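Novice: For the sequence shown, the working numbering assigns the number 1 to the initial residue and increments by one for each residue that follows.
What follows is a structure written as structure tokens; I'll ask about it next.
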Amino acid sequence: MKSVVLLTLPIFLTSFLWSTNIRKSKDIPYKDKTLNEFDPDRHILDIFYPEPGENKREVLVFVHGGSWNTGSKNRFHFIGNRMAKKGIVTVLINYRLSPSVKYDKMAEDCAAATDWVYKNISKFGGDPKKITVAGHSAGGHLVALITLGNTFKDLNLNNPIKKTILIDAFGLDMVSYFEQYNNNYSKSLRAVFTTDPRIWRKASPIYHIPKEGSVPFLVFTGSKTYKTISESSEMFCHKLNESGNFCSLKVIKGRNHFGMIAQLYFRNNPMGRDILSFLKEPYFPEKE
Numbered sequence: 001m002k003s004v005v006l007l008t009l010p011i012f013l014t015s016f017l018w019s020t021n022i023r024k025s026k027d028i029p030y031k032d033k034t035l036n037e038f039d040p041d042r043h044i045l046d047i048f049y050p051e052p053g054e055n056k057r058e059v060l061v062f063v064h065g066g067s068w069n070t071g072s073k074n075r076f077h078f079i080g081n082r083m084a085k086k087g088i089v090t091v092l093i094n095y096r097l098s099p100s101v102k103y104d105k106m107a108e109d110c111a112a113a114t115d116w117v118y119k120n121i122s123k124f125g126g127d128p129k130k131i132t133v134a135g136h137s138a139g140g141h142l143v144a145l146i147t148l149g150n151t152f153k154d155l156n157l158n159n160p161i162k163k164t165i166l167i168d169a170f171g172l173d174m175v176s177y178f179e180q181y182n183n184n185y186s187k188s189l190r191a192v193f194t195t196d197p198r199i200w201r202k203a204s205p206i207y208h209i210p211k212e213g214s215v216p217f218l219v220f221t222g223s224k225t226y227k228t229i230s231e232s233s234e235m236f237c238h239k240l241n242e243s244g245n246f247c248s249l250k251v252i253k254g255r256n257h258f259g260m261i262a263q264l265y266f267r268n269n270p271m272g273r274d275i276l277s278f279l280k281e282p283y284f285p286e287k288e
């Protein structure tokens, strides 16, 4: 699996689909600029939102992939435009990447961005009680981890996530991955996950699944994606359901890893319809 394949979208995708009734606020810092760790290129987010209506709207926070070492929100404006046209307040975030930081700091950035959304999204017509997080590839790993793990708790923040969507997520079980693969790509990921099996387990969302009490998950894989992604996604969803939680697994016919996210550029694609239906379904009661 190569990082170039994982997430390199044509630049033209970001320039289409604009509509005069869609508003955009770009490069908003979600961390305090006075912090020593503040990164002006990575600690920022974009918001795409319809014209405000009488009722607050569902919120989607999207986390890009890219092998944990590349990628940018700027390549996914087509998702922001597409979802905002459908009435969803959509947030695209950046986060720090390897080799500057390891997976845990990336997760902290994603949690901090989601917390910012919870505290501020009502200004953009979004409902802070209806936040769904979604991620592709490595971004799927990160949103699953902050949904199920202790990242928010470790930051002394409440977890506002109500639903989670994984799109061809990679990294759901890094223990099994490192045990099965010993190639140049797997070796490169040790910069993200170290060489310590205890850290691999801590970094793997599949080992954070609770006995009931999880938010609902919608998990997508492509029928032509990488074997490790399809197998780990299937096992992850199975374990969620086995533990008394809810997970719906959908396999998109004919799609490879790249195609899984690129299809959201096109109007009325099946995965996009499934995502919208999931967003519109009733939400669990607010967490205490």
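All residues carry an ideal CB built from backbone N, CA and C; glycine is no exception.
For clarity, every value in this text was computed on a predicted model and none was experimentally measured.
DSSP state of residue 187, grouped into three classes?
Specialist: Residue state, collapsed to three classes: helix.
Novice: Excluding the 5 residues flanking residue 230 on each side, which residues of the same chain have their C-beta closer than 6 Å to its C-beta?
Specialist: Excluding residues within five positions, the ones whose Cβ falls inside 6 Å are 221.
Novice: May I ask you to report which of helix, strand or coil DSSP gives residue 210?
Specialist: Residue 210: coil per DSSP, three-state reduction.
Novice: Looking at the unbroken beta strand (DSSP E) that takes in residue 42, where does it start and where does it end?
Specialist: Here residue 42 belongs to no beta strand (DSSP E), and DSSP marks it neither H nor E.
Novice: Report yes if the C-beta distance between residue 133 and residue 143 is below 7 Å; otherwise report no.
Specialist: Their beta carbons are under 7 Å apart, which means residue 133 touches residue 143 by this criterion.
Novice: Kindly list the residues whose CB is nearer than 8 Å to the CB of residue 210, restricted to its own chain and excluding five residues on each side of it in sequence; keep chain order.
Specialist: Within the same chain, residue 210 has close Cβ partners 148, 243 and 245.
Novice: Is the number of C-beta pairs between the stretch 64-71 and the stretch 35-51 that are closer than 8 Å three or more?
Specialist: The stretch 64-71 is not in contact with the stretch 35-51.
Novice: Which of helix, strand or coil does DSSP assign to residue 161?
Specialist: DSSP places residue 161 in strand when its eight states are reduced to three.
Novice: Give me the residue from 106, 89 and 91 with the minimum Cα distance to residue 97.
Specialist: Checked all of 106, 89 and 91; the closest Cα to residue 97 is 106.
Novice: Return the CA-CA distance between residue 181 and residue 94, expressed in angstroms with no decimal places.
Specialist: Each residue's Cα considered, the two are about 29 Å apart.
Novice: Can you tell me where the alpha helix (DSSP H) holding residue 153 begins and where it ends?
Specialist: Start and end: 151-154.
Novice: Would you mind working out which of 140, 89, 56 and 237 sits nearest residue 45, comparing C-alpha positions?
Specialist: Nearest of 140, 89, 56 and 237 to residue 45, Cα basis: 89.
Novice: Going by the DSSP bridge assignment, what does residue 136 pair with across the sheet?
Specialist: 167.
Novice: So, at 7 Å on beta carbons, what are the nonlocal neighbours of residue 86 in its own chain, with the 5 sequence-adjacent residues on each side left out?
Specialist: Cβ neighbours of residue 86 beyond the five flanking positions: 276.
Novice: Could you pull the start and end residues of the beta strand (DSSP E) that residue 218 belongs to?
Specialist: Element bounds for residue 218: 217-222.
Novice: Report buried or exposed for residue 185, applying the criterion of at least 16 other Cβ atoms within 10 angstroms of its Cβ.
Specialist: Exposed.
Novice: Considering only DSSP beta bridges, list what residue 29 is partnered with.
Specialist: Looking at the DSSP assignment, residue 29 forms a beta bridge with 44.
Novice: Considering just the uninterrupted stretch of the beta strand (DSSP E) at residue 90, what are its terminal residues?
Specialist: First-last of the beta strand (DSSP E) with residue 90: 89-93.
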